[in-house]
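Numbering (the working numbering), first residue to last: 137 to 267.
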């Protein structure tokens, strides 16, 4: 999986929305397989256009590892970015991440529909709720 720095470099190299769109699809394919038994109501994120499941595990060092799945390729690519940004951080560090600012810097939020932006904010809220 990419680091946040590599993510910035990757998206800054994309010239237009179509290129960034393709990159989101590529990222969606890089998420590890999400076990069917974790696709439960409890792990379902409410308020998203597509069904999205999100789980996390707290590591012994106090950091978290996230795992997710979405039925939509673009949403799954967005989820991959959020996971890259959140993984290996503590709850305090995660609560301090300005996910939307990063997505704006990557020039991703400009082309998203209002309903996708709402779903994205629901995902961010869910990630930051772990503390």
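In this text, a Cβ means the ideal position worked out from N, Cα and C, and glycines have one as well.
Would you say residue i and residue j are within 7 Å of each other, going by their C-beta atoms?
i: residue 220; j: residue 160; result: no
i: residue 263; j: residue 216; result: no
i: residue 255; j: residue 226; result: no
i: residue 270; j: residue 252; result: Nothing can be reported for residue 270: it is not among the residues displayed for the chain, which extend from 137 to 267.
Which residues mark the beginning and the end of the alpha helix (DSSP H) in which residue i is found?
i: residue 160; result: 153-166
i: residue 174; result: Careful: residue 174 lies outside any alpha helix (DSSP H) and carries neither H nor E.
i: residue 219; result: 209-222
i: residue 232; result: 227-232
Candidates the options: which alpha carbon is nearest residue i's?
i: residue 171; options: 157, 203, 249, 266; result: 203
i: residue 234; options: 151, 190, 259, 154; result: 259
i: residue 141; options: 261, 253, 245, 241; result: 241
i: residue 229; options: 186, 243, 251, 201; result: 201
i: residue 187; options: 248, 165, 178, 193; result: 178
i: residue 232; options: 261, 212, 250, 195; result: 261
i: residue 162; options: 143, 173, 239, 195; result: 143
i: residue 208; options: 173, 137, 145, 189; result: 189
i: residue 194; options: 168, 250, 224; result: 224
Where do the ends of the beta strand (DSSP E) carrying residue i lie?
i: residue 141; result: Run containing residue 141: none in the beta strand (DSSP E); it sits in the alpha helix (DSSP H), 140-148.
i: residue 190; result: 188-194
i: residue 204; result: 199-206
Within a Cβ cutoff of 8 Å, which residues of the same chain sit near residue i, ignoring the five residues on either side of it in sequence?
i: residue 244; result: 147, 156, 160, 214, 217
Report all residues from its chain with a CB closer than 7 Å to the CB of residue i; omit the five preceding and five following residues, and keep chain order.
i: residue 266; result: 192, 200, 227, 230
Less than 6 Å between C-beta atoms, sequence neighbours within five positions excluded: which residues of the same chain meet that for residue i?
i: residue 248; result: none
i: residue 212; result: 164, 206
Return no unless some Cβ of chain D is closer than 7 Å to the Cβ of residue i.
i: residue 189; result: Looking at the structure shown, chain D is missing, and only one protein chain is on hand.
- request: Return the chain-ordered ranges of every alpha helix (DSSP H) run that is complete within the region 241-267 and spans a minimum of 4 residues.
  value: Runs of the alpha helix (DSSP H) inside the region 241-267: 250-264.
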